[in-house]
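Number of protein chains: 2
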Amino acid sequence: MITNKLEALFNPKGIAILGASSDTGKLGYAVARNLIEGGYPGQVHLVNPKGGALFNRPIYKSVLDVPDPVDLAVVIVPAQAAPQAMRDIGTRGIPHAILTSGGFRETGDKGAVLEEEVLSICRDFHIRLIGPNCIGLLDTHLPLDTTFLPPPPPEPGNIAFLSHSGAFCAAIIDWSRQQGFGFSRLVSLGNQADLSETDLLPVIANDPHTRSIALYLESIPHGERFLETARLITQKTPLVVLKVGRTSSGQKAAASHTGALAGTEAAVDAAFKKAGIQRAITSEELFDWARAFACLPLPSGRNVAILTNAGGPGVIAADALSDQKLCLASLDLQTISALRDHLPPAASSQNPIDMLASASPEDYATCLKLLLADQQVQAVLVIIPPSPVFPTVDIAKILVPLIKQTQKPVIPILMGSTLIQQTFQYFNQHEIPTYSFPERAASALARLADRADFLRAREDSSPFEPHFEEQKLSTILSSIQGKTFDPAFGDRLLEAIGIQTAPVRLAATPQEAEQISIELGFPLVAKIASPDILHKSDVGGVLLNLDSSSAVHAAYNKLVTRAREKQPAARINGITLQKQIHAGQEVILGFVRDAHFGPLVMFGSGGIDVEGLRDISFALAPLTRQEAKDLLQQTWAGRKLAGYRNMPPADETAVIDALVNLSWLATKYPQINECEINPLKVLGKGAIAVDVRIKV
Amino acid sequence: MITNKLEALFNPKGIAILGASSDTGKLGYAVARNLIEGGYPGQVHLVNPKGGALFNRPIYKSVLDVPDPVDLAVVIVPAQAAPQAMRDIGTRGIPHAILTSGGFRETGDKGAVLEEEVLSICRDFHIRLIGPNCIGLLDTHLPLDTTFLPPPPPEPGNIAFLSHSGAFCAAIIDWSRQQGFGFSRLVSLGNQADLSETDLLPVIANDPHTRSIALYLESIPHGERFLETARLITQKTPLVVLKVGRTSSGQKAAASHTGALAGTEAAVDAAFKKAGIQRAITSEELFDWARAFACLPLPSGRNVAILTNAGGPGVIAADALSDQKLCLASLDLQTISALRDHLPPAASSQNPIDMLASASPEDYATCLKLLLADQQVQAVLVIIPPSPVFPTVDIAKILVPLIKQTQKPVIPILMGSTLIQQTFQYFNQHEIPTYSFPERAASALARLADRADFLRAREDSSPFEPHFEEQKLSTILSSIQGKTFDPAFGDRLLEAIGIQTAPVRLAATPQEAEQISIELGFPLVAKIASPDILHKSDVGGVLLNLDSSSAVHAAYNKLVTRAREKQPAARINGITLQKQIHAGQEVILGFVRDAHFGPLVMFGSGGIDVEGLRDISFALAPLTRQEAKDLLQQTWAGRKLAGYRNMPPADETAVIDALVNLSWLATKYPQINECEINPLKVLGKGAIAVDVRIKV
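These protein sequence lines are chains H and R, in that order.
Reminder that position 527 of the first sequence reads as 526 in numbering that gives the first Met the number 0, one-by-one numbering, no gaps.
Reminder that position 400 of the second sequence reads as 399 in numbering that gives the first Met the number 0, one-by-one numbering, no gaps.
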């Protein structure tokens, strides 16, 4: 198993430092210092062609001279010397290396060539490599610190952190000290010439000290493999990811920084959703959430009680709950009455429970107990501002056992700094995360609720593969000539996967158009038929409400004339005729293929406003029925299918069927590149695809 | 001037403390301690019926015995004793009081009666009162500290803070110590029996030490007066407001806490926009923004350079710029070339400028100088992670003079805690705000840019009052009978303010309908005419595409039958007929009246999707032309008026005219309660109101 092999990166028996230096200003000194003075229990061997001694041990002139045990090399030599260093490591039979040095792909074409050379040597000698251009890794529990960062290392903790950026790692390690959290394992991945976040995730997830994993990613080139790995891990361990390059400016910056190609952001969001990854948007969220995941139980729902000794922060917290789609729990009458009995008359025994400024630590405990005993309450936010009357640490002391006992998440909000410092430390020592403001606490709590929803949904539903007439589909697909297709092709394809269409007929002459119109009945829609005109309405290529065969004849001539005027080079096959459907709600559905994550299904408001209104939502194929339902709920187009004002309810099931089937078409037939049904007319019973565009 | 009189609250010559206590566990002791030991330079007189001595001075048995000078009383007596205390203060001729004690309106009906009594005594004796139920006020520069909070008081600074919540004040004072900012003046307003935030804002704004003002508000009952005051102040001093009760949960919590009625959130947003107030959504934003406003110049635009020594944080910063609608500045070729000459080859001389980890303090200075000299750069974010090579404080030392010299805002981002502590302090001492992550820095910078936009817009445009035919309008308005009106009323009103309508005619019989249809021409729309049916389409009360007089006759009978079935109690006047307009883009516009802020103009996507899509925007009347243009830009309905795909451009000017005129109708005729034009059909030239609903 690859997992077991890479575990040695975090738990090596012996380490050789190539480039160890007795010059205290050099990184090669700092790495030796951190490994030797940091308490790493294995062997540390120093290597430098100059020889000498450091920390009371010899410096070997070559790694070939290093005695056993040694199964990891840390390399901090000039880039030009790296290939020879890797060859020596290979010759000495060391299976793992961290190439800390910079000067490779990140510096341009010459560096990229050098990186390729290093990688090729690693492949030859079966060395698995972290880096180059990284700060190495840490395991705080062993402990192991291969970085050159100034001590102290981060506090031992239960959050693992993998980062594409070394500087961000260094900053976060320093920041974490003040925030009161620590790390289990930490890896700076650098250029990922060999090992990427996807390779290391399983090792990290297997670490018994790791209870949540935070990732900082600049790109996800092997999207499908990452997704698969993440899906397995999130069944047990929560994953929080800050994926940067979300915006056009960010993508520009990331491209110049890493040279990596950006995937579409909609695909990243959809992939994270499918894998149960929580996507942080800010640096603070990444760790606010990871801390909650590492230490708190998941709530059974989104109903939250707020316990406070001051009204104002209670209102801030209530707003924050709403912002995060959490609810103020409606307390049981019994709870309200018990709270009323205990609290002074001016207090509020409704949620938020405002005990007033006079509240003692015992009041906090009594009220928290009552709230936790209430079945309506699924989580509690406890607000603790600096008190002029009681030492707030006494509140912590009395609450900690209650918080540790309960299966419901309870989050203390400590508003202040110096006056609540002792309280902050007390909660920290007991591994209870605290937040300085209600907004950050509510944001973390909401992610716990999201994860609970995700785990429930995963239990409830497994993807169901619909039965397609494979033979028929293959015949249709093989009939395609060139890039686009005859107008009936899309309809035949949709019908083969069970999506109803309005019959479309091609007429090559005005006379044929008249004949077909009589067969189809009125009213009719006529559209220009051309493989070169995709957006027909842009060239005036659509005519509605044709109610006689003579109108159809006239329409033929009008459409062809217009098309010839506007797009003289377009091949024109005639016009298509289709029964006009007045009834029903209009929606758009379809799929595209993302370069990194594969087929991406889309659903939303159709028509020409689709780009402007952005009432549209995405999910990765294949879809479960629940995922299809979620797509409906995420858009106004989907929500109003249930009926709205004088608009009658439309057939949601037909839309869900269509989405699921379309998602399987995308999954099983990679030769279909893109498909868009716009509009699908959703009737009281059934749904009809009126127009479909397919790219093969 | 009221302003000058209330100034004495912050700069009294002498203070009497009613309820001063030698019991160190009591708040009456803490207030005396803070005033006497905190260095307040005026006289402090202690009062308690028990007499005695404290801090080497006598405790007077009555405030009547207190010698001159005394122009402020701080009262911390039991609520029941407050009326007599206020009478004594009045008798002694003290013009200002702070009633710290709780036990009033916040505790229920009995407390409210007591509060009324206190207020009435204040009115009788011309005492201006802060409180009750508050923690008092501070001026850190005098210094003056009337609170009972444990020392030390907040650091002197240039941010003023007014708060409806005492607990939030106390928490923020403590929090500010760690964040490295101080306050000029700070007021806890409590129940605001007499003085509110609106009364105190002018005094605070006149304080020479105050450079920005932060407010925490739970309600704004005197909305129009607040707005007027704020508009005057924001010309000179930036205002940042955290107004809670934004959400349904928050409103519920605020109502149970303060009993105040919530205004509509759209009105609050519109009012803040009109007054140039920056609305914070989180507690951290409130002070992140206030700090930037207090210390930094405003940028001349939204083009920002990012200077970093690490790629990752540069990408985070670029994303954050986009999120905040700021741009990555495109550097002058000259700047790029100078950067390239100075930096190592692997560095990035494009924005974000990545100097690489080897960057020295001198490199930071050289690059910052080049960026500041570039006309394309209007602001700079400087990212400073902990460096393993250079002490980061050296970067601060070399950058501070540059940042102080330039007219462009430069924000250092200090990522870390202990390793950058000294650097943090150095910037702080020089009044340069720093942020721990790019996201928070970008958010603050964007508010500076917003304020610059606001000040420019205020210079550019003044509201222009259109000329209405007042006589005609008055005649129409006086003709209204009852709550609703005959169908032509709205049209006449719109035409009187220059908005074109499609003539609507009322037919009381099928025969009359036929006759009118011939006069109007075809196609026609028929609608049920009833003062009791507002949403006509909900009862099937609209028929389209009537193309002959016989169709109109049949429509009459059908509409009346339907209406009688669905709403038997409705009075039915017949049907209305109107020429059907096929062309044009559909928008909705109108106004409602907010209880606190007055008339609120709305614009957006019309039709029945208006509630679901929420493509709608609001602004307070009256509108300038620029504000009307902004309403268009804030919605898709407005943006696509410029033309979109095969949709031809529509007459934006006609919509702007209609919005401005409607806003003045709302401003000048308060008897019109509500008005909604849905839809306004916007043609290539002109716009026609097809349907209008008015409530008088």
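Where a beta carbon is used, it is the ideal one built from N, C-alpha and C, also for glycine.
The C-beta distance from H/GLU196 to H/LEU214 rounds to 6 angstroms, short enough to fall under 8 angstroms. Under a criterion of Cβ atoms nearer than 7 angstroms, the residues of chain R adjacent to H/LEU148 are, in order, PRO387. Assignment of R/SER282 by DSSP, reduced to helix, strand and coil, places it in the helix class. DSSP places H/ASN672 in the coil class of the three-state scheme, outside both helix and strand.
Selection H/VAL399, H/SER61 and H/ALA229 evaluated against H/GLN424 yields H/VAL399 as nearest (Cα-Cα).
R/LYS578 carries a strand assignment under DSSP once its states are collapsed to helix, strand and coil. For H/VAL524, the closest alpha carbon among the candidates H/THR474, H/LEU241 and H/ASP690 is that of H/ASP690.
With contacts defined as CB atoms closer than 8 angstroms, H/GLY181 and H/PRO155 qualify as a contacting pair.
For H/GLY92, the nearest beta carbon of chain R is not closer than 8 angstroms to its own beta carbon.
Beta-bridge analysis with DSSP links R/GLN499 to R/ILE687. Closer than 8 angstroms to the CB of H/TYR215 there is at least one CB belonging to chain R.
Contact between H/ALA316 and H/ALA274 does not hold, since their C-beta atoms are separated by about 31 angstroms, which reaches or exceeds 8 angstroms.
Annotation: R/THR433 to R/SER299 spans about 21 angstroms, alpha carbon to alpha carbon. Within the stretch 401-460 of chain R, the complete alpha helix (DSSP H) segments at least 4 residues long are 420-428 and 437-459, listed from N- to C-terminus. Per DSSP, H/ARG638 lies in no beta strand (DSSP E) segment; the continuous alpha helix (DSSP H) that holds it begins and ends at 635-638. Nearest to R/LYS403 by C-alpha distance, out of R/THR391, R/LEU367, R/LEU542 and R/PHE271, is R/LEU367. Per DSSP, the unbroken beta strand (DSSP E) holding R/GLN584 starts and ends at 584-593. With respect to the C-alpha of H/VAL379, the residue from H/PRO390, H/LEU332 and H/PRO437 having the closest C-alpha is H/PRO437. Following the DSSP letters along the chain, one finds R/TYR215 inside the beta strand (DSSP E) bounded by residues 211-216. Contact annotation for H/VAL240 against chain R: no contact, minimum CB-CB distance about 13 angstroms [criterion: below 9 angstroms]. With 16 or more other Cβ atoms from the protein chains shown falling within 10 Å of its own Cβ, R/VAL240 counts as buried. With its beta carbon less than 8 angstroms from one in chain H, R/VAL243 belongs to the interface. When the Cα atoms are used, R/ILE134 and R/THR146 turn out to be separated by approximately 5 angstroms. Residues of chain H whose Cβ lies closer than 8 angstroms to the Cβ of R/HIS163 are, in chain order, GLY311. Annotated as distal: H/TYR555 and H/ALA501, with beta-carbon spacing of 8 angstroms or more.
Distance check between R/ASN10 and each of R/ARG184, R/PRO390, R/THR652 and R/PRO296 places R/ARG184 closest, using alpha-carbon atoms only.
For H/TYR59, the uninterrupted beta strand (DSSP E) run begins and ends at 56-59, by DSSP. If you look at R/HIS341, you'll find it in the alpha helix (DSSP H) that goes 332-341. For R/LYS251, the closest of H/THR666, H/PRO237, H/LEU327 and H/ILE280 by C-alpha to C-alpha distance is H/LEU327.
R/VAL303 has its alpha-carbon roughly 30 angstroms from the corresponding atom of R/ILE615. For R/ALA266, the closest alpha carbon among the candidates R/GLU585, R/ALA649, R/LEU619 and R/GLU673 is that of R/LEU619.
Neighbours of R/THR652 in chain H, taken as residues at a C-beta separation under 9 angstroms, are lacking, since the least C-beta distance is about 21 angstroms. Taking CB atoms only, R/ARG176 has a neighbour in chain H less than 8 angstroms away.
The secondary-structure analysis by DSSP pairs H/ASN660 with nothing; it has no beta-bridge partner. Using a Cβ distance threshold of 8 angstroms, H/SER321 and R/SER247 count as a contacting pair. Contact of R/THR417 with chain H by beta-carbon distance below 8 angstroms involves ASP173, ARG176 and GLN177.
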